[in-house]
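Peer 1: One structure coming up, written as structure tokens, with questions to follow.
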Amino acid sequence: MLFTPLINFLLSLFSAASINSTAPAIQNSNILVNKPLENKVQIENSHLKKPLNKIQNFAEKKYETGNKQGESFYVLVNSDIYDSLGTSISQHANDVARDENYNVSVFSALFNSPDSLKGFFQQGYENDDLIGAFLVGNFPYKFFQGMTYDGEYQQPPCETFLKDMDGTWLDTLRYDPGTETLVPGTDSIPDTHIHGTGSREVEIFLGRLEGNLPWGPKTETEVLQDYFARNHLYRENNSAESDTVMLYFDDDLAHRVDIALSGIQQAYNNIVVISDSNETTADDYREKLTRKMAWMIPAAHSWPRGHRFDKNNGTEHDYFWSYEVPNIGHEVPYFLVYGCNAGEFTEDNFILGFYVLYGGLGGIGYTARAPSPNEWEQFWLEIGSEGNLGEALNEHVNYWINRLDPPQPNVWNNDGYSMDLIGDPTLRPRKLYGVEIADNPVKNLEYKIVPNPVVGKQFSIKFNDSNYMPESEGISIGIYDVKGSLVKKELYNGDGKIDTEDLASGVYFVRLVDENGKDIGSKVQKAIIVAN
Ligand SMILES: [Ca+2]
Ligand SMILES: [Ca+2]
Ligand SMILES: [Ca+2]
Numbered sequence: 002m003l004f005t006p007l008i009n010f011l012l013s014l015f016s017a018a019s020i021n022s023t024a025p026a027i028q029n030s031n032i033l034v035n036k037p038l039e040n041k042v043q044i045e046n047s048h049l050k051k052p053l054n055k056i057q058n059f060a061e062k063k064y065e066t067g068n069k070q071g072e073s074f075y076v077l078v079n080s081d082i083y084d085s086l087g088t089s090i091s092q093h094a095n096d097v098a099r100d101e102n103y104n105v106s107v108f109s110a111l112f113n114s115p116d117s118l119k120g121f122f123q124q125g126y127e128n129d130d131l132i133g134a135f136l137v138g139n140f141p142y143k144f145f146q147g148m149t150y151d152g153e154y155q156q157p158p159c160e161t162f163l164k165d166m167d168g169t170w171l172d173t174l175r176y177d178p179g180t181e182t183l184v185p186g187t188d189s190i191p192d193t194h195i196h197g198t199g200s201r202e203v204e205i206f207l208g209r210l211e212g213n214l215p216w217g218p219k220t221e222t223e224v225l226q227d228y229f230a231r232n233h234l235y236r237e238n239n240s241a242e243s244d245t246v247m248l249y250f251d252d253d254l255a256h257r258v259d260i261a262l263s264g265i266q267q268a269y270n271n272i273v274v275i276s277d278s279n280e281t282t283a284d285d286y287r288e289k290l291t292r293k294m295a296w297m298i299p300a301a302h303s304w305p306r307g308h309r310f311d312k313n314n315g316t317e318h319d320y321f322w323s324y325e326v327p328n329i330g331h332e333v334p335y336f337l338v339y340g341c342n343a344g345e346f347t348e349d350n351f352i353l354g355f356y357v358l359y360g361g362l363g364g365i366g367y368t369a370r371a372p373s374p375n376e377w378e379q380f381w382l383e384i385g386s387e388g389n390l391g392e393a394l395n396e397h398v399n400y401w402i403n404r405l406d407p408p409q410p411n412v413w414n415n416d417g418y419s420m421d422l423i424g425d426p427t428l429r430p431r432k433l434y435g436v437e438i439a440d441n442p443v444k445n446l447e448y449k450i451v452p453n454p455v456v457g458k459q460f461s462i463k464f465n466d467s468n469y470m471p472e473s474e475g476i477s478i479g480i481y482d483v484k485g486s487l488v489k490k491e492l493y494n495g496d497g498k499i500d501t502e503d504l505a506s507g508v509y510f511v512r513l514v515d516e517n518g519k520d521i522g523s524k525v526q527k528a529i530i531v532a533n
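Take any residue in the sequence shown, count from 1 to its spot, add 1: that is its number in our numbering.
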């Protein structure tokens with residue numbers, strides 16, 4: 002049989018399914034009381050299903066906030082935890098409404114099936130200009146089934162189902178346990194996705210966040226409250242503290258670094274690559290996770306609860322487990338994990354959940370076997386133009402849905418059907434949050450600072466109205482530190498450039514003022530200056 006280049010690429014699927022690891026030393030015994038590490042072989046592909054024992058099916062709108070004419074964004078909170086998260090959720094809804102100009106609706110909800118949840122989204126999509134949703138707490142998910150090129154059955158939770166508002170999902174095959182393959186028949190699990198009268202593409206973006214991670218030291222309410230507090234702080238004043246991306250590619254994936262880089266370079270300049278075979282170890286990874294960066298992108302053989310790192314030509318392995326994440330105390334906002342099943346949120350203690358809930362804000366991963374990194378340009382182009390996580394992931398998913406259209410039998414489309422987003426989908430990793438409204442500006446001039454973060458030795462002021470001639474106005478550019486003290490002031494000259502060589506790295510505020518010290522611009526811009 003001849004393989005196309007695409008199928009050759011899919012050949013490099015990597016999972017840790019064949020690992021026969023002995024359990025590593027337990028570092029914090031408090032976490033694991035009555036939670037012995039499972040036998041790895043037993044837990045692989047077990048698809049532990051969290052039961053939804055509720056027969057109710059409702060979404061009660063509690064309030065809406067933001068621009069009533071704007072696009073709709075739904076925050077659905079599982080009704081069991083709604084009361085315990087009340088203030089966290091309302092603060093979050095107000096933050097999103099302010100930052101995105103959406104009409105944000107908050108619901109206390111329970112759904113008894115993925116189909117009823119999807120029906121709710123479809124109603125919003127048709128009648129309410131719904132563009133995306135955030136599921137907080139336990140909500141249903143749909144499985145999708147297929148076979149990989151090498152004959153392995155896949156049945157991951159499939160967020161694409163919930164995000165596709167008008168495609169058609171068919172159940173024409175059933176899993177046959179005898180042969181471990183799909184055979185003609187039905188089993189209530191969709192196996193075929195066609196355009197039908199709509200399109201196979203996804204139309205709304207989606208993030209989910211459930212705090213039930215039994216290996217973690219905190220309760221679900223505590224980790225979710227922490228998450229929303231962190232999210233609020235990031236939006237208020239802490240965004241883009243570092244704009245470094247780290248690629249941490251273990252042995253078998255090291256040869257994919259250049260391919261991964263070609264996408265990431267669409268969005269970031271400061272990229273650190275760790276890919277030396279013997280340098281990439283679990284211990285080294287633990288240390289790297291403590292560093293300040295915008296993204297950690299590990300690529301390693303994985304299973305839902307951890308990563309495997311190889312050395313000495315693969316003759317030695319060590320492991321990084323999800324339960325270690327709370328002890329690491331990382332401050333990395335974003336994760337993209339190239340590793341099998343790391344995003345499989347139906348599995349207890351899945352590692353992407355730990356990354357996001359213990360220190361992070363958003364994580365993207367696979368709910369099934371993962372391919373090696375390939376063709377992520379659409380995702381990074383979207384991120385690079387200040388797109389949000391949810392839309393960027395959808396760009397990638399739609400690219401891959403169209404890449405394999407029509408679907409090929411026995412070629413599981415990993416990137417089209419087994420990718421998920423854990424966390425708030427509205428976050429924009431390259432946006433600088435925290436622009437402030439100026440006090441009674443003399444003019445309502447809109448402008449921004451380019452580049453921002455300021456990584457060179459100077460920045461420029463760019464006015465939205467390109468016809469505006471600031472030279473004649475006697476405008477000064479004032480730079481203030483986070484406490485509001487003026488650290489530098491210069492008269493606006495011909496090209497609006499300001500040198501930053503004499504400033505230490507940090508967060509500053511920039512105001513444009515007239516001769517009397519009154520704001521000219523309508524906004525006070527935040528600038529991140531990175532010393533060279
Ligand atoms: Ca089926
Ligand atoms: Ca569609
Ligand atoms: Ca290694």
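C-beta atoms are modelled at their ideal positions from N, C-alpha and C, and glycine is treated no differently.
If you follow the alpha helix (DSSP H) that F162 is part of, which residue opens it and which one closes it?
Peer 2: In the sequence shown, the residue the question calls residue 162 occupies position 161. Here the alpha helix (DSSP H) through F162 covers E160 to K164.
Peer 1: Could you have a look at V184 and say whether DSSP puts it in helix, strand or coil?
Peer 2: Position 183 of the sequence shown, counting from 1, holds the residue named residue 184. Strand, per DSSP.
Peer 1: What are the start and end residues of the beta strand (DSSP E) that includes K527?
Peer 2: Within the sequence shown, the letter at position 526 stands for residue 527. Counting along the chain, the beta strand (DSSP E) containing K527 begins and ends at K524 to I530.
Peer 1: Once the 5 residues before and after W296 are set aside, which same chain residues still bring their CB inside 6 Å of it?
Peer 2: In the sequence shown, counting from the first residue as 1, residue 296 sits at position 295. For W296, where only same-chain residues beyond five positions count, the Cβ hits under 6 Å are V246 and Y335.
Peer 1: Determine, using beta-carbon pairs with one atom in the stretch 117-134 and one in the stretch 79-90, whether at least three such pairs fall under 8 Å.
Peer 2: Because the criterion of three Cβ pairs below 8 Å is not met, the stretch 117-134 and the stretch 79-90 do not touch.
Peer 1: How would you label I438, buried or exposed, when you count the other beta carbons within 10 angstroms and need 16 or more for buried?
Peer 2: Residue 438 sits at position 437 when you count from the first residue of the sequence shown. I438 should be labelled exposed.
Peer 1: Find out if the Cβ-Cβ distance for the pair L382, L428 is shorter than 7 Å.
Peer 2: As a first step, residue 382 must be located in the sequence shown, where it is residue number 381. As a first step, residue 428 must be located in the sequence shown, where it is residue number 427. It is not a contact, given that the beta carbons lie outside the stated cut-off.
Peer 1: Return the bridge partner residues of M247 from the DSSP annotation.
Peer 2: For the purposes of this step, residue 247 is taken as residue 246 along the sequence shown, with counting starting at 1. DSSP, once it has assigned bridges, lists V273 and M297 as partnering M247.
Peer 1: Check the C-beta distance from Y356 over to S419 and give it rounded, since I have them as a contact under 8 Å.
Peer 2: The residue given as residue 356 occupies position 355 in the sequence shown. The residue given as residue 419 occupies position 418 in the sequence shown. Going by Cβ atoms, the distance from Y356 to S419 rounds to 18 Å, so no, they are not a contact pair.
Peer 1: Name the DSSP bridge partner or partners of G424?
Peer 2: In the sequence shown, residue 424 corresponds to position 423, counting from 1. Paired residue(s): G363.
Peer 1: Identify whether Q146 lies in helix, strand or coil by the three-state DSSP scheme.
Peer 2: Start at 1 with the first residue of the sequence shown, and residue 146 comes out as number 145. Correct three-state label for Q146: coil.
Peer 1: So does S278 have its beta carbon nearer than 6 Å to some heavy atom of ligand 3?
Peer 2: Sequence index remark: in the sequence shown, residue 278 carries index 277 (1-based). Yes, since a heavy atom of ligand 3 falls inside the 6 Å radius drawn around the Cβ of S278.
Peer 1: Can the beta-carbon of V105 be found less than 7 Å from the beta-carbon of F145?
Peer 2: The sequence position of residue 105 within the sequence shown is 104, counting from 1. The sequence position of residue 145 within the sequence shown is 144, counting from 1. No, these two residues do not count as a Cβ contact at 7 Å.
Peer 1: Measuring straight from C-alpha to C-alpha, what distance separates R231 and R175?
Peer 2: Here residue 231 corresponds to residue number 230 of the sequence shown, with the count starting at 1. Here residue 175 corresponds to residue number 174 of the sequence shown, with the count starting at 1. Between R231 and R175, the C-alpha separation is close to 44 Å.
Peer 1: Note the first and the last residue of the continuous beta strand (DSSP E) segment covering T193.
Peer 2: The residue given as residue 193 occupies position 192 in the sequence shown. Residues T193 to I195.
Peer 1: Along the chain, where does the alpha helix (DSSP H) containing R99 start, and where does it finish?
Peer 2: By 1-based counting over the sequence shown, the position of residue 99 is 98. From DSSP, the alpha helix (DSSP H) with R99 extends over G87 to E101.
Peer 1: Over the uninterrupted beta strand (DSSP E) stretch that includes V76, give me the two end residues.
Peer 2: Residue numbering aside, residue 76 sits at position 75 when the sequence shown is read from its first letter. From DSSP, the beta strand (DSSP E) with V76 extends over S73 to N79.
Peer 1: Would S243 be called buried (16 or more neighbouring beta carbons within 10 Å of its own) or exposed?
Peer 2: Here residue 243 refers to the residue found at position 242 of the sequence shown. It is buried - the Cβ of S243 has at least 16 other Cβ atoms within 10 Å.
Peer 1: Is DSSP giving L394 helix, strand or coil here?
Peer 2: As a first step, residue 394 must be located in the sequence shown, where it is residue number 393. If DSSP states are grouped into helix, strand and coil, L394 belongs with the helices.
Peer 1: Would you check if the distance between the CB atom of K143 and the CB atom of V203 is smaller than 7 Å?
Peer 2: If you number the sequence shown from 1, residue 143 lands on position 142. If you number the sequence shown from 1, residue 203 lands on position 202. No; because the gap between Cβ atoms is not below 7 Å, this pair is not in contact.
Peer 1: Give a yes or no on whether the C-beta atoms belonging to P215 and D349 are separated by under 7 Å.
Peer 2: Counted from its first residue, the sequence shown places residue 215 at position 214. Counted from its first residue, the sequence shown places residue 349 at position 348. Yes; because the gap between Cβ atoms is below 7 Å, this pair is in contact.
Peer 1: Comparing alpha-carbon positions, which option in D253, P218, N271 and K312 lies nearest S323?
Peer 2: Position 322 of the sequence shown, counted from the first residue, corresponds to residue 323. Among D253, P218, N271 and K312, the Cα nearest to that of S323 belongs to P218.
Peer 1: Going by other Cβ atoms of all chains shown within 10 Å of its Cβ, with 16 needed for buried, is R512 buried or exposed?
Peer 2: In the sequence shown, residue 512 corresponds to position 511, counting from 1. When all chains shown are included, R512 counts as buried.
Peer 1: For a test of your reading of the model: does the CB of D172 fall under 6 Å from any non-hydrogen atom of ligand 1? Yes or no.
Peer 2: As a position in the sequence shown, residue 172 is number 171, starting the count at 1. For ligand 1, at least one heavy atom lies less than 6 Å from the Cβ of D172.
Peer 1: For F351, which residues of its own chain have a beta-carbon under 6 Å away from its beta-carbon, when the five flanking residues on both sides are left out?
Peer 2: Numbered from 1 along the sequence shown, position 350 holds the residue referred to as residue 351. Result list for F351: P305 and E345, in chain order.
Peer 1: Pick from Y320, S89 and T347: whose alpha carbon is nearest that of A301?
Peer 2: Residue numbering aside, residue 301 sits at position 300 when the sequence shown is read from its first letter. The candidate whose alpha carbon is nearest that of A301 is Y320.
Peer 1: Using the C-alpha atoms, what's the distance from L446 back to D425?
Peer 2: For the purposes of this step, residue 425 is identified with residue 424 of the sequence shown, where counting begins at 1. For the purposes of this step, residue 446 is identified with residue 445 of the sequence shown, where counting begins at 1. Those two C-alpha atoms are separated by around 32 Å.
Peer 1: Excluding the five sequence neighbours on either side, which residues of its own chain have a C-beta within less than 6 Å of the C-beta of P407, listed in chain order?
Peer 2: Reading the sequence shown from its first residue, position 406 is the one you call residue 407. So the list is empty, once near-sequence residues are dropped.
Peer 1: Quick one: grab the DSSP three-state call for A255.
Peer 2: Here residue 255 corresponds to residue number 254 of the sequence shown, with the count starting at 1. Here A255 sits in helix by DSSP.
Peer 1: Kindly identify the DSSP beta-bridge partner or partners of G307.
Peer 2: For this step, residue 307 is matched to residue 306 along the sequence shown. Its beta-bridge partners are W304 and W322.
Peer 1: Answer yes or no: the CB of G125 versus the heavy atoms of ligand 2, is any distance below 6 Å?
Peer 2: Numbered from its first residue, the sequence shown carries residue 125 at position 124. No, since every heavy atom of ligand 2 falls outside the 6 Å radius drawn around the Cβ of G125.
Peer 1: Tell me whether Y356 sits in a helix, a strand or coil according to DSSP, three-state version.
Peer 2: Here residue 356 corresponds to residue number 355 of the sequence shown, with the count starting at 1. Looking at Y356 - three-state DSSP - the assignment turns out to be helix.
Peer 1: On a Cα-Cα basis, can you pick out the residue from I478, G330 and K63 that is closest to Y509?
Peer 2: Along the sequence shown, read from residue 1 onward, the residue named residue 509 stands at position 508. Of the listed residues, the one whose Cα sits closest to Y509 is I478.
Peer 1: Any heavy atom of ligand 1 closer than 6 Å to the CB of I450?
Peer 2: The residue given as residue 450 occupies position 449 in the sequence shown. Flag unset: Cβ of I450 not near ligand 1.
Peer 1: Tell whether a beta-carbon distance below 7 Å holds between F206 and E376.
Peer 2: Position 205 of the sequence shown, counted from the first residue, corresponds to residue 206. Position 375 of the sequence shown, counted from the first residue, corresponds to residue 376. Their beta carbons are not under 7 Å apart, which means F206 does not touch E376 by this criterion.
Peer 1: Start and end of the beta strand (DSSP E) containing N350?
Peer 2: Mapped onto the sequence shown, residue 350 falls at position 349. Here N350 belongs to no beta strand (DSSP E), and DSSP marks it neither H nor E.
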